[in-house]
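Q: Before anything else, here's the structure in question.
Spelled out as C-alpha cells, the structure:
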C-alpha cells in the first residue's frame with residue numbers, strides 16, 4: 001500500500017520530560033498541559049469551548065514501531081499481547097488517543113487536563129468527543 | 136515541523152460504496168464489515184477476541200484536507216464550526232476514529248459491526264477500548 005504523509009498541527013507543552021513520570025493513559029492522568037496549535041489552523045479551533053472534553057490524536061515520535069507483541073504496561077505476569085490488543089505506545093503507526101478536558105483557550109493555545117504524553121509530542125488531530133463521556 | 140510517514144496496516148472490506156449510503160458516525164451504524172489486516176501484522180492481533188469493542192483508526196483517503204470550517208453533518212442551520220470541534224471527515228490529517236464490535240476472527244480478517252467508512256478505506260491502527268463502553 002502507498003505510504004501516507006501527515007504534517008503535525010501543533011505540539012504539546014507540559015511538564016512531563018521522561019517516560020517514567022508520564023501516566024500510562026489519560027484515564028490515569030490529571031496532568032495539565034497546553035496544546036500549542038500552529039497559527040495557520042486557528043480557524044479550525046472555532047467552537048472548541050472551556051469545559052468540553054476533546055479527543056486528541058498525538059504522534060508518539062519516540063516510540064518503537066517494530067514490535068508486534070508487548071507486555072501490557074510492562075507487567076510480565078499478564079503475558080505477551082499483540083500490540084493491537086493493547087494501548088501500548090509501541091505499534092506500527094504510533095498514534096496515541098487521549099480524551100482531555102479543556103480548561104482555558106488563548107487563541108491558538110488550548111490548556112487541558114489529562115496529559116499522558118511527553119513534552120514536545122506532535123499533535124495530529126483534534127475531534128469532538130461523542131462517547132458517553134462527551135460534555 | 137517535519138512530515139510523518141505512515142503505512143496502512145490493512146484495508147476495510149464492506150458494502151458501503153458511496154458517501155450517501157455511509158453512516159455519519161459509528162454511533163449511528165450497525166453496518167457489518169471486515170478489517171483485512173496485512174498478514175505481516177498477524178502477531179499484533181493476538182488477544183483480540185470476539186465480543187470485544189476495539190478502537191480503529193482509519194485513513195480517509197478521499198477526504199479534503201484544505202477546509203478549516205464546515206457545517207457539521209452538512210446542517211447549515213447549525214452554522215460553521217472549526218473542523219477540530221467536529222467529527223467531519225474533512226480535516227488537515229483525515230484520520231477517523233470508530234469503536235467497533237468484533238463479531239468473528241479468521242486469521243488476519245476481523246469481522247466487525249459499526250462501520251462508517253467506505254469500502255477500501257485504509258486502516259492505520261487498532262487499539263483496546265478503555266472507555267466506559269469497553270467490553
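Protein chains in written order, with this note's numbering: chain A, 1 to 135; chain B, 136 to 270. Ideal Cβ placement from N, Cα and C applies to all residues, glycine included.
1) For residue 217/B, go through chain A and note every residue whose CB falls closer than 8 Å to its CB, in chain order.
2) Report the start-end ranges of each beta strand (DSSP E) in the stretch 31-99 of chain A that is 3 residues or longer and not cut off at the edges.
3) Under three-state DSSP, which class holds residue 27/A?
4) Starting from residue 112/A, trace the beta strand (DSSP E) both ways and give me its first and last residue.
5) Which first and last residues belong to the beta strand (DSSP E) in which residue 5/A is found?
6) Would residue 220/B count as contacting chain A if we go by Cβ distances under 9 Å?
7) Name the chain B residues that come within less than 7 Å of residue 30/A, Cβ to Cβ?
8) So residue 92/A and residue 64/A are in contact, right, with Cβ under 8 Å, and what is the actual spacing, rounded?
9) Please decide whether residue 8/A counts as near chain B, where near means a Cβ-Cβ distance under 9 Å.
10) Can you name, in chain order, every residue of its own chain whose Cβ lies under 6 Å from the Cβ of residue 88/A, other than the five neighbours on each side?
11) What are the partner residues of residue 10/A, as DSSP defines its beta bridges?
12) Inspect the CB distances between the stretch 151-161 of chain B and the stretch 112-128 of chain A and report whether three or more fall short of 8 Å.
13) What do you get for residue 152/B, buried or exposed, if any count of 16 or more other CB atoms within 10 angstroms of its CB means buried?
14) Are the C-beta atoms of residue 260/B and some chain A residue less than 9 Å apart?
15) State yes or no: is the C-beta of residue 161/B within less than 9 Å of the C-beta of residue 235/B?
16) Could you please give me the residues that DSSP links to residue 241/B through a beta bridge?
17) Quick one: which chain A residues come within Cβ less than 7 Å of residue 147/B?
18) Quick check on residue 34/A - is its C-beta less than 9 Å from some C-beta in chain B?
19) Pull up the distance between the alpha-carbon of residue 146/B and that of residue 13/A, whole angstroms please.
20) Touch check for the stretch 213-220 of chain B and the stretch 173-191 of chain B: three-plus C-beta pairs under 8 Å?
A: Reading it off the structure:
1) 43, 44, 45, 46, 47, 48
2) 32-37, 53-59
3) helix
4) 109-113
5) 4-6
6) yes
7) Neighbours of residue 30/A on chain B: none; closest Cβ ~16 Å, over 7 Å.
8) Contact doesn't hold; Cβ gap of about 10 Å is too wide.
9) yes
10) 70
11) 37/A, 123/A
12) no
13) exposed
14) yes
15) yes
16) 244/B
17) Correct list: empty, because the minimum Cβ distance to chain A is about 12 Å.
18) no
19) 34 Å
20) no
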